[in-house]
Amino acid sequence: MIALRGILLLLLIVLTACAEVDPCALSLVAKVPMESLHRLLFVPVGINGQWATLLVDSGAERTILSEQAVARLGLRHDPRLISRSLGVGGMYVNADVTIDHLVLGGTRMGVDHMAVGRLNLDIDGEAIADGLLGADILLTFDLDIDVPGKTLSLYRARRCQEAVPPWDGPAVEITGVTTRKTRMLLPFQLDGTAGMGILDTGASATTIGIAMAERMGLTNDILVKDPSIQHHGAGPNVAEGRLHRFQELRVGPAVIPRPRLSVMPGNTGIDDGLIGADFLQGRRVWMAFQARRLFVSPLARETPFLP
């Protein structure tokens with residue numbers, strides 16, 4: 305009888321403790337200083353006790369190190385772990401590197417290997433980052449991307465509808481957000497044509513995919529008259545886009561007149577387009593991937609737009 309009472313008491317304590325855990329409560333995991341350069345966002349990470357700088361890239365499926373960073377950090381490839389990826393830079397195949405630990409904002413992440421890619425992260429011949437902090441880490445958390453405050457905060461992911469921003473100031477929810485694998489897609493309108501764009505913090509500018517361009521009647525004969533622009537991605541190749549002048553772009557609270565956007569040819573995996581870091585400038589962004597909710601702080605000149 306005494307043993308049974310002890311078991312029941314232990315069970316009651318466990319159930320009481322579980323009941324006190326609120327699945328919708330905010331729980332900060334890590335807070336990381338963040339810098340902006342050329343409209344892109346960068347954070348410091350610790351890898352095996354050494355510092356590296358990674359580009360915050362929600363559009364990258366994996367967290368990736370450059371081959372130069374792998375050599376500098378003294379990491380070893382593991383031929384048993386092969387990564388294959390397709391993106392703007394084409395297809396690349398490489399063996400991952402194994403690591404002891406990766407620390408972000410003083411918190412150790414559950415990562416024991418990382419992908420390696422041919423990354424063009426140089427400006428004027430000088431490397432500005434060692435790799436990409438991708439969706440495999442970022443989207444397992446609720447993200448507070450505070451561009452003006454220069455801070456990236458990671459919270460325990462919440463699936464409930466109470467997954468709203470933690471700040472007190474204004475925030476506009478962008479409705480109609482969907483997710484697919486490691487992609488968060490949000491609605492936008494370009495010259496009155498509706499599309500769904502991938503929120504890509506690693507893209508320096510909003511870019512339009514060929515499917516969207518074709519729905520708008522933009523043929524190759526029209527685009528070939530526009531100036532060309534080169535796109536670099538996590539791969540060996542360079543993709544050439546065309547800079548086309550549009551009349552109006554609408555994304556959430558933003559109404560951008562006469563934007564000049566790159567149109568990507570062929571199947572580069574960007575669907576209707578990428579909503580890039582140009583949209584994030586000056587904003588605070590709450591990205592709750594698992595709850596499929598996205599909030600942005602409006603700029604002073606903006607009023608909410610509902611697509």
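Our numbering applies: residue 305 is where the sequence shown begins, and numbers increase by one. For glycine and all other residues, C-beta sits at the position ideal for the given N, C-alpha and C. None of these values were measured; they are calculated from a predicted model.
Buried versus exposed call for residue i [16 or more other C-beta atoms within 10 Å across all chains shown]
{"i": "Gly378", "result": "exposed"}
{"i": "Val589", "result": "buried"}
{"i": "Thr320", "result": "Note that Thr320 scores a pLDDT of 43, beneath 50, so its modelled location is shaky; the value from the coordinates is reported in the next line. Flag for Thr320 reads exposed."}
{"i": "Ser457", "result": "buried"}
{"i": "Arg546", "result": "buried"}
{"i": "Pro602", "result": "buried"}
{"i": "His535", "result": "buried"}
{"i": "Ala329", "result": "exposed"}
{"i": "Gly521", "result": "exposed"}
{"i": "Asp448", "result": "buried"}
{"i": "Val347", "result": "buried"}
{"i": "Arg597", "result": "buried"}
{"i": "Asp446", "result": "buried"}
{"i": "Ile514", "result": "buried"}
{"i": "Ile478", "result": "buried"}
{"i": "Ala375", "result": "exposed"}
{"i": "Arg587", "result": "buried"}
{"i": "Gly496", "result": "exposed"}
{"i": "Gly409", "result": "buried"}
{"i": "Gly414", "result": "exposed"}
{"i": "Gly438", "result": "buried"}
Anticipated Cβ contact below 8 Å, residue i with residue j, distance rounded
{"i": "Val360", "j": "His381", "result": "So it is not a contact: roughly 25 Å between Cβ atoms."}
{"i": "Ile574", "j": "Leu490", "result": "With a Cβ gap of about 14 Å, Ile574 and Leu490 do not count as contacting."}
{"i": "Asp440", "j": "Arg384", "result": "Wrong, their Cβ atoms sit about 18 Å apart, outside the cutoff."}
{"i": "Gln585", "j": "Val451", "result": "6 Å"}
Reference residue i, options the options, closest by Cα
{"i": "Arg554", "options": "Asp530, Gln594, Gly513 and Ala498", "result": "Ala498"}
{"i": "Arg564", "options": "Gly556, Asp576 and Arg549", "result": "Arg549"}
{"i": "Gly480", "options": "Gly409, Asp472, Ile502 and Asn424", "result": "Ile502"}
{"i": "Arg412", "options": "Ile449, Gly353 and Glu606", "result": "Gly353"}
{"i": "Asp416", "options": "Gly350, Lys529, Asp472 and Gly453", "result": "Gly350"}
{"i": "Pro470", "options": "Met338, Asp326 and Val600", "result": "Val600"}
{"i": "Asp525", "options": "Arg460, Ser331 and Pro569", "result": "Pro569"}
{"i": "Pro531", "options": "Gln551, Leu437 and Glu544", "result": "Glu544"}
{"i": "Asp326", "options": "Arg463, Met500, Lys529 and His405", "result": "Arg463"}
{"i": "Met516", "options": "Arg343, Met500 and Phe583", "result": "Met500"}
{"i": "Met338", "options": "Leu436, Val528 and Gly453", "result": "Gly453"}
{"i": "His342", "options": "Val528, Leu425 and Glu552", "result": "Leu425"}
C-beta contact flag for residue i and residue j at 8 Å
{"i": "Thr486", "j": "Gly577", "result": "no"}
{"i": "Thr505", "j": "Val336", "result": "no"}
{"i": "Val467", "j": "Ala334", "result": "One point to set straight first is that residue 467 is Ala, not Val, in the sequence displayed. Not in contact: Ala467 and Ala334 (Cβ atoms no closer than 8 Å)."}
{"i": "Ser566", "j": "Leu442", "result": "no"}
{"i": "Leu345", "j": "Asp434", "result": "no"}
{"i": "Leu423", "j": "Ser340", "result": "no"}
{"i": "Ala604", "j": "Ala507", "result": "no"}
{"i": "Val420", "j": "Ile368", "result": "yes"}
{"i": "Ala364", "j": "Gln465", "result": "no"}
{"i": "Glu606", "j": "Pro561", "result": "no"}
{"i": "Thr444", "j": "Ala461", "result": "yes"}
{"i": "Gln372", "j": "Ala431", "result": "yes"}
ask   = Of all the alpha helix (DSSP H) runs that stay within the bounds of the stretch 502-562, which reach a length of 4 or more residues?
value = 514-519 and 524-527
inquiry  = Just to confirm the assignment: which complete alpha helix (DSSP H) runs, minimum length 4, are found wholly within the stretch 365-450?
reply    = 371-377 and 439-442
message = Extract the residue ranges of the beta strand (DSSP E) inside the stretch 460-494, only unbroken runs of 3 or more that lie entirely within it.
response = 482-484 and 487-494
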